[in-house]
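> Residue numbers (the working numbering), protein chains in the order written: chain A, 301 to 640; chain B, 301 to 640.
There are 2 protein chains.
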Amino acid sequence: MAMQAAGTDRPATIHDIAAMCGVAASTVSRALSTPDRVNIRTRARIEAAAAQLSYTPNSQAKALSSGRTGAVGVLVPDITNPFYFDLIRGTQLQLKAAGYTQLLVDTEESDEVEASSMEQLRKSADGIIVTASRLSDEALLAAAAKIPIVTINRDVAGVPAVVIDTPSATSQALDHLISLGHTHVAYMAGPLTSQSSTRRWTALEAAAEERGVDVRRLGPFAPKTQSGAAAADAAVHSGVTACIAFNDLIAIGMLQRLRERGIRVPEDMSVVGCDDIFGADFCNPPLTTMASPIEQAGRVAVSMLLAQLNPLAGGGSRSRSLMPTHLTVRGSTGPAPAVS
Amino acid sequence: MAMQAAGTDRPATIHDIAAMCGVAASTVSRALSTPDRVNIRTRARIEAAAAQLSYTPNSQAKALSSGRTGAVGVLVPDITNPFYFDLIRGTQLQLKAAGYTQLLVDTEESDEVEASSMEQLRKSADGIIVTASRLSDEALLAAAAKIPIVTINRDVAGVPAVVIDTPSATSQALDHLISLGHTHVAYMAGPLTSQSSTRRWTALEAAAEERGVDVRRLGPFAPKTQSGAAAADAAVHSGVTACIAFNDLIAIGMLQRLRERGIRVPEDMSVVGCDDIFGADFCNPPLTTMASPIEQAGRVAVSMLLAQLNPLAGGGSRSRSLMPTHLTVRGSTGPAPAVS
DNA sequence: GAAACAATGACAACCGATTGCCAAATGTTG
DNA sequence: CAACATTTGGCAATCGGTTGTCATTGTTTC
């Protein structure tokens, strides 16, 4: 019984195709990547042979000889943070649509891991998307000089960025709280190295001054639900009646802790989160939070990066994209308690 | 001003090091990968040069010549499903510890995407971890013949697997419900192609027969919170007083829908989830669910795969690993309502 | 019908490593 | 001091493609 031509278990190479068609390997390569440069009949034969052998190009070899890897690195500080799920999905879908592979790296909230990952990716990826970078401006700029980079939620002059406009949403949140009668508000800050947290606080402080209400900054708190307990206690101790948390994880952790301590939300304390992550709508009470199109942010970042990689057509790529953010009011905010 | 030797912006190669040390490239290669085969002084010189040039091996080239890519593919049906967060983190950490890179792929709950991803990974990865595969047994076996595979939550003879033992937890859940007085229980099934769902139902059915209570299977439901609404309505319509959902997403969706409809949980209806995902502890009411060490499952899967890849030392690798599961009782289950 | 031109495809170098093979250098022993 | 065993390290082929160069073929034009 004759063995099928495709029966060899080793993946087919262009050489197999070349041998089968009686042409040179380079012709096969051209037929598949530069179809116009090859006789249409030859091309047809080659394509048929490729199909029959179920040929798939070896991406390693391709990368090695062409210099392009067809991969894009995506760096996130913490994979288990739900905020990044939608972001990752956005980048994944958009990259796949463009024929790129996503290399996902968890940098464990560490600038060192982040830097070494970048160095590593420099050779194995065509570009990098960095979310919430913990690196210094200089380090980021230096990295961007070596490999195309788009940042998300980190704005450094000279590096294309997608910024989720939470600062402007903080004033919405503040107005919401003020209209409910709150005059003493706390901001539960995120990591000191988080630019998002800093910007948000700056915006909040400015808005508060404008409106003549008292805001104070507490923290920093790690962006995890576990930090919510400390945040809740700090908020209670500070005497405020409402707080705006760096993100939903902290806010949700606060809700749990406040419940444990018998402090009612929103009757005794109002809580506002940020990001509208998975869970914000079904926690108890449902969380008032600042929402934004996160998946789209991922897609936009990919588009910007790809525009940088293939500067072929039309419109010059923008180097900065601001994602709108709005306040979603749910059950965790309510009227300020009457003064006792 | 003299330019630094390391100043060229192109990444250093072993040839640069070789030139700098006055040896052949192959010697550099050996010095770095087979230190014993090279004179200790030469090695020292080479290492110093490598450090000075901040040399990093090109993984593409390495893969091409050695046949080993140093990467492992991890296939998940849906990245945004929180269940996979911990799993992914487990694989990521364990892989990184072993010096491997993780290639994460979202197969979008599609067997076709799954199959094509596998074919793709066959060349760019040394092995694959497949979670909750939607492929047929034959397809999975065929794939496993081409590249080392470890499955998670999918048991096929001949393919090493990590199985989370939820079936045995279902009887715990059932006993819990029975002790609360429930006699009519529904199982809200997952996708028909999900082996986990099938196994869980089989186990539940057997346990129910043994204990003489009524269980019925409803569904299938997609494993998303949105499906919870339909599941809730189906459960209510069927007249049961308790239900066990395929996973926490469906269960949480049910909680939301039941609340909308004014059906109290657990007074009117008890709900049990599965997986103990992020959110199960802070939803309203907190969800009684079947918990298991998911992150560890990811780590174990990686260990099994790596044992397969490097069959060097000691103990023969096991081909099947069962992760224990236990019932975590929270607020979503309570006494059966009195018969009206 | 010859010259000019375009289309086509073969050859070979190259990307950055790994690795088998062999020669040179070193050290040991009788 | 010769003969032998053992390191040590260089040469060159190889992995699977891409791409520049060039010879050949076929077509068009005057």
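Glycine included, C-beta positions come from ideal geometry on N, C-alpha and C.
Being a predicted model, the structure only gives us computed values, none of them experimental.
Here's the rule: buried if 16 or more other CB atoms are within 10 angstroms of the residue's CB, otherwise exposed. What is GLU414/A?
That one is buried.
> According to the neighbour-count rule (16 or more other Cβ atoms, all chains shown, within 10 Å of its Cβ), is PRO377/A buried or exposed?
Result: buried.
> Within 8 Å (strictly less), CB to CB, does GLU419/A reach chain B?
It does; some Cβ of chain B falls within 8 Å.
> Quick one: Cα of THR628/A to Cα of PRO382/B, how far?
Rounded to whole angstroms, THR628/A to PRO382/B spans 22 Å at the Cα level.
> If we define contact as Cβ-Cβ less than 8 Å, is THR589/A a contact residue for chain B?
THR589/A does not count as touching chain B.
> Less than 8 Å between the C-beta atoms of GLY573/B and ALA597/B, yes or no?
The answer is no: Cβ separation not under 8 Å.
> DSSP three-state label for ASP575/A, please.
Residue state, collapsed to three classes: strand.
> Is there a Cβ from chain A that is less than 8 Å from the Cβ of GLY579/B?
Yes, GLY579/B lies at the interface with chain A (some Cβ there is under 8 Å from its Cβ).
> Would LEU518/A be called buried (16 or more neighbouring beta carbons within 10 Å of its own) or exposed?
Its Cβ being crowded by 16 or more others within 10 Å, LEU518/A is buried.
> Identify, in the order they occur along the chain, each residue of the same chain with its Cβ nearer than 8 Å to the Cβ of MET301/A, setting aside the five sequence neighbours on each side.
Because MET301/A sits at a pLDDT of 36, beneath the cut-off of 50, its placement in the model cannot be relied upon, and the following sentence gives the value as read from the coordinates. Result list for MET301/A: empty, nothing under 8 Å.
> Which whole-angstrom value is the C-beta distance of ASP406/A and GLN392/B, which I expect to be below 8 Å?
5 Å between Cβ atoms; contact.
> Can you tell me where the beta strand (DSSP E) holding ALA452/B begins and where it ends?
The sequence as given places Ile at residue 452/B; Ala does not occur at that position. Its beta strand (DSSP E) spans residues 449-452.
> Does the stretch 413-427 of chain B come into contact with the stretch 415-430 of chain A, if we say contact requires no fewer than three beta-carbon pairs (one atom in each stretch) closer than 8 Å?
The stretch 413-427 of chain B is not in contact with the stretch 415-430 of chain A.
> Please identify the residue among ARG337/A, ASP316/A, TYR487/A and GLN352/A whose C-alpha is closest to the C-alpha of VAL540/A.
Residue TYR487/A is the option with its Cα nearest to VAL540/A.
> Nearest chain A C-beta to LYS423/B closer than 8 Å, yes or no?
At least one chain A Cβ lies under 8 Å of LYS423/B.
> Check whether the Cβ atoms of MET324/B and THR342/B lie closer than 8 Å to each other.
The residue asked about is misnamed: residue 324/B is Ala in this sequence, not Met. No. Outside cutoff.
> Taking Cβ positions only, does PRO382/B come closer than 8 Å to chain A?
PRO382/B counts as touching chain A.
> Apart from the five residues just before and just after SER494/B, which ones in its own chain have a Cβ nearer than 7 Å to its Cβ?
Contacts found: ALA432.
> So, at 6 Å on beta carbons, what are the nonlocal neighbours of MET554/A in its own chain, with the 5 sequence-adjacent residues on each side left out?
Excluding positions up to five away in sequence, the list reads GLY528, ALA531, ALA532 and VAL571.
> Please work out which residues of its chain come closer than 6 Å, Cβ to Cβ, to ASP411/B, disregarding the five sequence neighbours upstream and downstream, and give them in chain order.
Cβ neighbours of ASP411/B beyond the five flanking positions: ARG434 and LEU435.
> How should HIS482/B be labelled, buried or exposed, when 16 other C-beta atoms within 10 angstroms of its C-beta is the threshold for buried?
By the neighbour-count rule (16 or more Cβ atoms within 10 Å), HIS482/B is buried.
> Quick check on this structure: which residue in ALA545/A, ALA371/A, THR369/A and ASN358/A has the alpha carbon closest to the alpha carbon of SER365/B?
Comparing Cα positions, the closest option is ASN358/A.
> Determine the burial state of ARG368/B: buried for a count of at least 16 other Cβ atoms within 10 Å of its Cβ, exposed for fewer.
Flag for ARG368/B reads exposed.
> Mind checking whether SER417/A and LEU375/A have CB atoms under 8 Å apart?
Yes, these two residues count as a Cβ contact at 8 Å.
> Would a check of beta-carbon distances place GLN596/B closer than 8 Å to chain A?
GLN596/B does not count as touching chain A.
> Apply the 10 Å Cβ neighbour rule to GLU595/B and answer buried if 16 or more other Cβ atoms are within range, or exposed otherwise.
Counting Cβ neighbours within 10 Å, GLU595/B comes out buried, since at least 16 surround it.
> Given that GLN556/B touches chain A, what residues does it touch there, using C-beta distances under 7 Å?
Per Cβ cutoff of 7 Å: PHE582.
> Using a Cβ-Cβ cut-off of 8 Å, state whether ASP386/A counts as contacting chain B.
Answer yes: the Cβ-Cβ gap between ASP386/A and chain B drops below 8 Å somewhere.
> To which residues does DSSP link ASP406/A through a beta bridge?
Answer by DSSP bridge pairing, in chain order: VAL376/A.
> For a quick check, are the C-beta atoms of VAL450/A and VAL463/A less than 8 Å apart?
No, these two residues do not count as a Cβ contact at 8 Å.
> Using DSSP with H/G/I as helix, E/B as strand and the rest coil, what is ASP514/B?
The answer is strand: DSSP assigns ASP514/B an E or B state.
> Hey, GLY634/B and GLU560/B are a contact pair by Cβ (cut 8 Å); roughly how many whole angstroms apart?
Their Cβ separation, rounded to whole angstroms, is 20 Å, which puts GLY634/B and GLU560/B out of contact at 8 Å.
> Which residues, in order along the stretch 521-549 of chain A, keep a beta-carbon less than 9 Å from a beta-carbon of chain B?
Correct list: THR525.
> Checking the sheet assignment: what are the DSSP bridge partners for GLY427/A?
Per DSSP, VAL372/A.
> Check whether the Cβ of ASP336/B lies closer than 8 Å to any Cβ atom in chain A.
With 8 Å as the cut-off, ASP336/B does not count as an interface residue toward chain A.
> Alpha carbon to alpha carbon, how far is CYS583/B from LEU549/B? Give it in angstroms, no decimals.
Each residue's alpha carbon lies about 11 Å from the other.
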